[in-house]
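Numbering (our numbering), first residue to last: 243 to 402. All C-beta atoms, glycine included, are put in the ideal place defined by N, C-alpha and C. All remarks here apply to the structure that follows.
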Amino acid sequence: MKSIYLFPNKLKIPALVIFIISLTLVILIPFEIVYELRVPVFAIASDHFLSSENSFYLSFGKEDIYNELVDLLFFSSGIILAFSKEKTEDEMIGLIRYKSITNATYFTFTLLIISEFLVFGMPFVYIIMFFYYAFILFLNIFYYTKLFIYKKQFSYENED
243 MKSIYLFPNK LKIPALVIFI ISLTLVILIP FEIVYELRVP VFAIASDHFL SSENSFYLSF
303 GKEDIYNELV DLLFFSSGII LAFSKEKTED EMIGLIRYKS ITNATYFTFT LLIISEFLVF
363 GMPFVYIIMF FYYAFILFLN IFYYTKLFIY KKQFSYENED
C-alpha cells in the first residue's frame, strides 16, 4: 500500500496553539473586532462591493490583508493538526483519520445541501463561508473524538 505523507508529530502542539488563536480571531471577525493591516498587494481582481473607485485588475493596490492572514493561519494550522503523525501511528489510526475526513465531508455537505433549501439571498453567501471554516473544524473534532475513544478503549485492553 502506498504510504500517506503526514506532518511530523512535533508540529502538533504549535499547530494546536495557532489553531486556537486563529479560531478565536475568526470568530471575532463578524463582530468587527479586527485590526486593519493595509499593505500594497498584487491582485488579479479587486472590486469592492458598491464601490468602483477602489477597484483594480492585474495591478498593485493597497488592501487590508488581516482576514487573509487569519484565514491562512486557521486553515494551515487546522490541516497540520488533522494530518500530523501520532506518536504511535498504526493502521487503525490511519483508518480513523480516513473515516474522519469522510464523515466531515458528508456532514458538512449534508448541512450545506439542507441550507441550500432553507437560506436564500445574501445570507447564503455567509452560510457557504461558514462551511468553508466548518469543514476544518468538523474534521478535527471527528478525528480527535474518535482517536480519544480508540485510545481509551485500547488502554483498557492493555491493563489486563
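Delimiting residues of the alpha helix (DSSP H) encompassing glycine 336 | As a first step, residue 336 is located in the sequence shown; it is residue number 94 there, counting from the start. Start and end: 333 to 360.
What does DSSP give as the partner residues of glycine 303 in its beta bridges?
-> Mapped onto the sequence shown, residue 303 falls at position 61. DSSP output for glycine 303 lists Val283 as bridge partner(s).
In whole angstroms, what is the alpha-carbon distance linking tyrosine 392 and tyrosine 277?
-> Your numbering for residue 392 matches position 150 in the sequence shown. Your numbering for residue 277 matches position 35 in the sequence shown. Taking the straight line joining both Cα atoms gives about 41 Å.
Should asparagine 382 go down as buried or exposed, given a rule of 16 or more other Cβ atoms within 10 Å for buried?
-> Mapped onto the sequence shown, residue 382 falls at position 140. Buried is the call here.
So is glycine 363 buried or exposed if we call it buried at 16+ other beta carbons inside 10 Å?
-> Within the sequence shown, residue 363 is the residue found at index 121, counting from 1. The C-beta of glycine 363 has fewer than 16 other C-beta atoms within 10 Å across all chains shown, which makes the residue exposed.
Under the three-state reduction of DSSP, which class applies to serine 390: helix, strand or coil?
-> Sequence index remark: in the sequence shown, residue 390 carries index 148 (1-based). Looking at the sequence provided, one finds phenylalanine at residue 390 rather than serine. Three-state DSSP puts phenylalanine 390 in a helix.
Taking Cβ positions, are phenylalanine 373 and threonine 350 nearer each other than 8 Å?
-> In the sequence shown, residue 373 corresponds to position 131, counting from 1. In the sequence shown, residue 350 corresponds to position 108, counting from 1. Going by C-beta atoms, phenylalanine 373 is nearer than 8 Å to threonine 350.
Comparing alpha-carbon positions, which option in Glu274, Ile275, Ile246 and Leu300 lies nearest alanine 285?
-> Position 43 of the sequence shown, counted from the first residue, corresponds to residue 285. With distances taken between Cα atoms, alanine 285 lies closest to Leu300.
Tell me the DSSP bridge mates of phenylalanine 249?
-> In the sequence shown, residue 249 corresponds to position 7, counting from 1. Assignment of beta-bridge partners to phenylalanine 249 by DSSP yields Ser326.
Pick from Lys327, Val283 and Leu258: whose alpha carbon is nearest that of phenylalanine 302?
-> Along the sequence shown, read from residue 1 onward, the residue named residue 302 stands at position 60. Ranking the options by Cα distance to phenylalanine 302, first place goes to Val283.
Start and end of the alpha helix (DSSP H) containing valine 259?
-> Here the question's residue 259 lines up with position 17 in the sequence shown. Per DSSP, valine 259 belongs to the alpha helix (DSSP H) from 254 to 270.
Pick out whichever of Phe359, Ile322, Val361 and Ser288 has its Cα sitting closest to the Cα of valine 259.
-> For this step, residue 259 is matched to residue 17 along the sequence shown. Ranking Phe359, Ile322, Val361 and Ser288 by Cα distance to valine 259 puts Ile322 first.
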